[in-house]
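Participant:
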Amino acid sequence: MDEDDDCDCSPARADWTKGAAALALASVLLFASSWDVLEPTEWGVVQNGFTGYVELDPERVFEGGRHFVWLRHSFIKFPRRLVNLEFSDFGRGESDQAPISARTGPDPDDKESGGQPIRLCVAFQYQIARRDVPRIYQTFGALHEASYLRFAQQAITNEAQMFTPRAFWTDRKKVEGQLLGKVACRRDAARDAAESGRRAAVRIGVGEETPPSRRLGSFLFCSQVEPSCRWGGL
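For the sequence shown, this note's numbering assigns the number 15 to the initial residue and increments by one for each residue that follows.
1) On the CB-based measure, 16 or more other CB atoms within 10 Å of its CB, does W7 come out buried or exposed?
2) Which term fits Y140, buried or exposed, when burial requires 16 or more other beta carbons within 10 angstroms of its beta carbon?
3) Should L163 and L96 be called a contact, given that it needs their Cβ atoms to be closer than 7 Å?
4) Can you tell me whether DSSP reads E126 as helix, strand or coil?
5) Nearest CA to the CA of V51: which residue from L37, W84 and G33?
6) By Cβ distance below 8 Å, which residues in the same chain neighbour R86 in space, the five residues on each side in sequence not counted?
7) By the 10 Å Cβ neighbour count, where 16 or more other Cβ atoms means buried, how is P122 classified, buried or exposed?
8) Determine the DSSP secondary structure at W84, reduced to helix, strand or coil.
9) In terms of alpha-carbon separation, which member of R94, P72, E56 and Y67 lies closest to R80?
So this is what it looks like as structure tokens:
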């Protein structure tokens with residue numbers, strides 16, 4: 015009977031061993047799938063892959079590294095470094111947008127002119143603070159850069175109309191300073207979320223569609239500013 019008992023137990027013991035091995039393998043795979051990675055230049059907030067819920071506690075914003083986030087959870091990533099955004103025709107396609115098409119204000123000697131067309135090349139920088147990542151996500155989702163570009167374009171086109179065509183030639187410093195100030199400090203846009211960077215530049219030229227007889231000439235000027243305002247959630 016002892017031999018019979020041994021024969022009866024062997025299949026059951028083998029099945030248990032296989033089951034335990036399969037369970038162990040599944041546990042390892044599930045554990046390995048519960049991690050996500052952030053680059054050193056990124057912030058991340060965790061999104062639940064089952065429910066879509068995003069953890070927006072400022073204390074739960076992760077920095078670069080490998081993190082355990084649970085199964086089917088992943089990071090929504092935001093830049094941690096200083097990011098450059100640019101409207102220009104420089105860089106062989108590396109700019110974010112084409113130059114901004116705008117118009118000046120009317121000429122004092124010709125009120126009906128409606129101003130002259132100009133093209134504005136603008137570059138500015140922003141950097142997101144860790145505590146502000148949740149607010150930016152709540153306001154813009156993952157498309158914050160598109161919003162920043164839109165804010166800058168609106169500010170520049172609006173401000174350009176405050177100057178006469180001749181001012182863009184004879185009073186460059188004033189025009190330049192106010193345009194850059196509007197890019198850096200768009201007060202009616204976002205607040206306390208993403209710091210604007212320390213450098214910006216503007217290149218301004220009279221549009222080619224301006225009749226030659228009214229053209230003031232093409233010119234270029236650039237400078238650097240230290241913005242004091244911050245951008246972020248509305």
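By construction, the Cβ of each residue, glycine as well, lies at the ideal position given by its N, Cα and C atoms.
Facilitator: Taking the geometry as given:
1) Only positions 15 to 248 of the chain appear in the structure, and residue 7 is not among them; the question remains open.
2) Burial call: buried.
3) no
4) Look at E126 here: in three-state DSSP terms it is helix.
5) W84
6) S47, N62, G63 and F64
7) exposed
8) coil
9) E56
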